[in-house]
Amino acid sequence: MTFDFDQVFDRHGTGSTKWSRYPADVLPMWVADMDFAAPPAIIQALQKRLEHPMLGYSVAQDDLRDAIVADLWSKYAWRVQPQELVFLPGIESGFNMALHALVQPQQNVVVQTPNYPPLRHAPGHWQLNKVELDFDALADGTYATPLDTLRQALQGGGALLLSNPHNPLGKVFPREELQAVADICLEQDAWIISDEIHSELCFDGRVHIPTASLSPQIAKRTITLMSASKAYNIAGLKTAFMIIQDAALLHRVNHARCGMVDSVNPLGLEATRVAYSEGGPWLTELMAYLQSNRDYLVEAVRTRLPGVTMNIPQGTYLAWLDCTALGLDNPQQFFLEQAKVGLSAGLDFGDNARQFVRLNFGCPRALLEEGIARMERSLRNRQV
Numbered sequence: 001m002t003f004d005f006d007q008v009f010d011r012h013g014t015g016s017t018k019w020s021r022y023p024a025d026v027l028p029m030w031v032a033d034m035d036f037a038a039p040p041a042i043i044q045a046l047q048k049r050l051e052h053p054m055l056g057y058s059v060a061q062d063d064l065r066d067a068i069v070a071d072l073w074s075k076y077a078w079r080v081q082p083q084e085l086v087f088l089p090g091i092e093s094g095f096n097m098a099l100h101a102l103v104q105p106q107q108n109v110v111v112q113t114p115n116y117p118p119l120r121h122a123p124g125h126w127q128l129n130k131v132e133l134d135f136d137a138l139a140d141g142t143y144a145t146p147l148d149t150l151r152q153a154l155q156g157g158g159a160l161l162l163s164n165p166h167n168p169l170g171k172v173f174p175r176e177e178l179q180a181v182a183d184i185c186l187e188q189d190a191w192i193i194s195d196e197i198h199s200e201l202c203f204d205g206r207v208h209i210p211t212a213s214l215s216p217q218i219a220k221r222t223i224t225l226m227s228a229s230k231a232y233n234i235a236g237l238k239t240a241f242m243i244i245q246d247a248a249l250l251h252r253v254n255h256a257r258c259g260m261v262d263s264v265n266p267l268g269l270e271a272t273r274v275a276y277s278e279g280g281p282w283l284t285e286l287m288a289y290l291q292s293n294r295d296y297l298v299e300a301v302r303t304r305l306p307g308v309t310m311n312i313p314q315g316t317y318l319a320w321l322d323c324t325a326l327g328l329d330n331p332q333q334f335f336l337e338q339a340k341v342g343l344s345a346g347l348d349f350g351d352n353a354r355q356f357v358r359l360n361f362g363c364p365r366a367l368l369e370e371g372i373a374r375m376e377r378s379l380r381n382r383q384v
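Residue numbers are given in UniProt numbering: position 249 of the sequence shown equals residue 249, and the series is strictly consecutive.
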């Protein structure tokens, strides 16, 4: 490998959210923040940018827009125009802006559960009716959208908050299912607000399909949210973008940013440009490493963590662990106290997810093995 993903960095004392939540003896494996150095090309570009001492208000320049447009075409054969990009300090502000701009008080906002907590909570910020729609768990370990229930929930319009690739399930929507979901939204005059922040993180040869790329009709009702933050591990630079391909919709949603969302920071803009224009080789090696980590974790859960099961993630670097058979009241608290491993609690993702925890395997193999070993020992000690 050209890049060293095995190197372990000490992140204590850096202000890292991930490494600041728990005491130093806890191994944090919770928030979606990888423990890898950012791509060298990005670090070098930021160092060069800092040779210029001015860090004032900044706007996205043409080379950044062109880099994103080229990347979307190269990866997904999706043709986007530079003026259809709206830059934001984060995905979360984007889907909240879209809800505020588009959904009426009497309409529903559908969130497929389990789901990323800020997506679940967003309708409540605007006093909108939230409908949590559970996936159907299939016998083959995958999850499917209950289409008839979705159709009923969207009667009268409203919006679907879509997570694809899905956090925390790691589901990458196949074309047929994504088309069916989008068709229902069109049929019901509902908006699609699609969080595609993990789009580049697909395993086993899968390729992400942007919802808006399905058809011009679907694009007219879709707000796509993307960022280089997850794939290139630059979340702290707080830079993301919306893609809105209908001019009237773009004006409507962009107007909703007034008083809430200002400009994006210059270092984040530069890092995003370099990620999409120069980060390809690094990303290729990262994905090979992550898939190897995923497979290592799947085997470890099967053979070393009795009472814990998991579906095989199709994308992201997040594993959704089912601890039902352990008979614990709070699996997250158990592993925190007994294993000194900090996982995300299932209840954050859905009211029916108490027996689940989410584990981030985006880390050097040594840290992943340490986390597994700690969990294994805690389960063994419990049986004694």
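Note that the Cβ used here is the ideal one computed from N, Cα and C, for glycine as well. These figures come from a predicted structure and were not determined experimentally.
At the level of alpha carbons, what is the spacing between Glu285 and His125? 39 Å
Could you give the distance in angstroms between the alpha-carbon of Phe361 and the alpha-carbon of Tyr143? 21 Å
Could you tell me how far apart the beta carbons of Leu169 and Trp30 are, in whole angstroms, since I believe they sit closer than 8 Å? With a Cβ gap of about 16 Å, Leu169 and Trp30 do not count as contacting.
Gln106 to Gly371 span [Cα, whole Å]: 46 Å
Ordered list of alpha helix (DSSP H) runs contained in the region 273-329, each at least 4 residues: 280-304
Assign residue 442 to buried or exposed, taking buried as 16 or more other Cβ atoms, counted over all protein chains shown, within 10 Å of its Cβ. Residue 442 lies beyond the stretch modelled for the chain, which goes from 1 to 384, so this question has no answer here.
When the distance is taken between beta carbons, is Val357 closer than 8 Å to Pro331? yes
By the three-class DSSP mapping on this structure, what secondary structure does Tyr76 have? helix
With distances taken between CB atoms, is the gap from Ala339 to Arg382 smaller than 8 Å? no
Going by Cα to Cα distance, which pick from Met287, Leu347 and Leu161 is closest to Leu102? The shortest Cα separation from Leu102 among Met287, Leu347 and Leu161 belongs to Leu161.
Start and end residues, alpha helix (DSSP H) containing Ala159: Where Ala159 is concerned, there is no enclosing alpha helix (DSSP H), although the beta strand (DSSP E) it sits in stretches over Ala159 to Ser163.
Run the CB neighbour count on Glu187, radius 10 Å, all protein chains shown included, and call it buried at 16 or more, exposed below. exposed
Out of Ser227, Asp66, Ala159 and Arg221, point me to the one whose CA is closest to Gly90's CA. Ser227
Return the CA-CA distance between Asn352 and Asn311, expressed in angstroms with no decimal places. 17 Å
So what does DSSP say about Cys363, is it helix, strand or coil? coil
Could you tell me the distance, in whole angstroms, from the CA atom of Thr222 to the CA atom of Asp189? Each residue's Cα considered, the two are about 11 Å apart.
According to DSSP, is Arg358 part of a helix, a strand, or is it coil? strand
Ends of the alpha helix (DSSP H) at Gln7? Careful: Gln7 lies outside any alpha helix (DSSP H) and carries neither H nor E.
At least 3 beta-carbon pairs within less than 8 Å: the region 230-250 vs the region 190-203: yes
Selected residue, minimal CA-CA separation from Val131, among Ala70, Met54 and Gln152: Gln152
Would you say Leu133 and Thr113 are within 8 Å of each other, going by their C-beta atoms? A contact, by the Cβ cut-off of 8 Å.
The beta strand (DSSP E) with Met242 in it runs from where to where? Ala240 to Ile243
Kindly list the residues whose CB is nearer than 6 Å to the CB of Val172, restricted to its own chain and excluding five residues on each side of it in sequence; keep chain order. Pro165, Cys202, Arg206, Gln314 and Gly315
N-terminal and C-terminal residue of the alpha helix (DSSP H) that Asp183 is part of: Arg175 to Glu187
Would you mind listing the beta strand (DSSP E) stretches within the region 106-137 that are 3+ residues and don't spill past its ends, in chain order? Taking only runs of at least 3 residues, the beta strand (DSSP E) segments lying wholly in the region 106-137 are 108-113 and 129-134.
Mapping the DSSP letters down to three states, classify Gly13 as helix, strand or coil. In the three-state reduction of the DSSP assignment, Gly13 falls in the coil class.
Using the C-alpha atoms, what's the distance from Trp19 back to Ser194? 29 Å
Using alpha carbons as the reference points, say which of Met242, Ile209, Ile218 and Ala235 lies closest to Thr224. Met242
Could you give the residue range of the alpha helix (DSSP H) that holds Ile197? From DSSP, Ile197 is part of no alpha helix (DSSP H); its letter is neither H nor E.
Let me make sure I understand the geometry here. Which of Ile68, His12 and Leu150 has the alpha-carbon closest to that of residue 444? Outside the displayed range of the chain (1 to 384) lies residue 444, so it cannot be described from this structure.
Measure the C-alpha to C-alpha separation of Ser344 and Arg294 and round it to an integer number of angstroms. 17 Å
Out of Leu214, Ile218 and Met260, which one is the CA nearest neighbour of Leu249? For Leu249, the closest C-alpha among the options Leu214, Ile218 and Met260 is that of Ile218.
Hey, would you say Ala60 sits closer than 8 Å to Phe95, going by beta carbons? no
Roughly how many angstroms lie between the CA atoms of Phe36 and Leu290, to the nearest whole one? Distance between the alpha carbons of Phe36 and Leu290 is about 11 Å.
What does DSSP give as the partner residue(s) for Tyr22 in the beta ladder? Paired residues: none, contrary to the question.
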